[in-house]
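Per the UniProt record's numbering: the sequence shown = residues 8 to 200. Just so it is clear, CB atoms sit at the ideal spot from N, CA and C, and this is done for glycine as well. The next block holds one structure in the form of structure tokens; read it before the comments.
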Amino acid sequence: GALRVLVLGAALRTGSTNAQLASLVARMMTEAGADVDLAAMRDFDMPLYDGDAEAADGVPAGALALRDRLERSDAFVLSSPEYNASVPGVVKNAIDWVSRIRPQPFKTKHALLLSASPSLVGGNRGLWALRVPLEHLGTRVYPDMFSLAGAHKGFAEDGQLTDPALQQRLNETVTAFLHLVEADARYGCLQRR
Ligand code: FNR
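Structure (structure tokens):
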């Protein structure tokens, strides 16, 4: 069957440029034949991690819902803003809660990291920070990452990137990522759970 990819915009606000980038990549992957599940962090409402709450009530419904969407996917794409040169607390909190579930849902999943920011670095420092918990959890984080600088002016009416060279670069990154995930799904060339 088709590759199943969860594409997650990591910001909560409406009008998020990361949500725009997630939508664009979801469309590109759908056109490439993938079975895409487009999601937003808002779909996975959860409290701040608290060991007492976990002991009393277990993992919250929002984290379990995110686990379910991950489990139904061969890979995930995360488009995340950079806050103060690092991972937004909302994203880290979700990773922390989900990491408490067994089997641990991030283990052996392929991931492509994207970021969008109005700044000139495009949020790329946040992605290097995001690699740390994900790689710790055994996610196969794709080496190439894509960061959209000037994101507030980065999207055309049709949702494509305004810069054709950047759009081309995004095409290449997405295509190469899908080929890797497909090769793993087909041949099991990378060790699975
Ligand atoms: C930011 N922003 C930001 N941008 C950046 O490029 N580097 C940074 O370190 C930060 N730091 C930062 C901290 C906090 C607390 C906020 C609220 C914002 C700006 C950020 O990139 C901008 O708000 C983006 O538009 C957020 O992404 P969405 O919401 O458009 O997806």
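Output yes or no for whether 7 Å exceeds the beta carbon distance between residue i and residue j.
i, j, result
"Leu71", "Asp44", "no"
"Val66", "Trp104", "yes"
"Asp81", "Val188", "yes"
"Val32", "Val97", "no"
"Phe153", "Leu121", "yes"
"Ala123", "Ala158", "yes"
"Leu141", "Val94", "no"
If residue i sits next to residue j, beta carbons under 8 Å apart, how far is it from one beta carbon to the other, in whole angstroms?
i, j, result
"Gly129", "Leu155", "5 Å"
"Pro88", "Ala17", "7 Å"
"Leu19", "Met48", "6 Å"
"Ala29", "Ser86", "4 Å"
"Ala46", "Leu10", "That belief does not hold up - the Cβ atoms of Ala46 and Leu10 are roughly 16 Å apart, past 8 Å."
For the ligand FNR, is there any heavy atom lying closer than 6 Å to the beta carbon of residue i?
i, result
"Pro140", "no"
"Ser23", "yes"
"Pro88", "yes"
"Ser122", "no"
"Asn91", "yes"
"Arg20", "yes"
"Ser30", "no"
"Ser154", "no"
"Ser126", "yes"
Q | Inter-stretch contact (C-beta, 8 Å, three-pair minimum) for the region 26–42 and the region 60–74 | A | Result no; under three Cβ-Cβ pairs closer than 8 Å.
Q. Are the region 115–124 and the region 46–63 touching by the rule of at least three beta carbon pairs closer than 8 Å?
A. Between the region 115–124 and the region 46–63, the count of Cβ pairs shorter than 8 Å is below three; the stretches do not touch.
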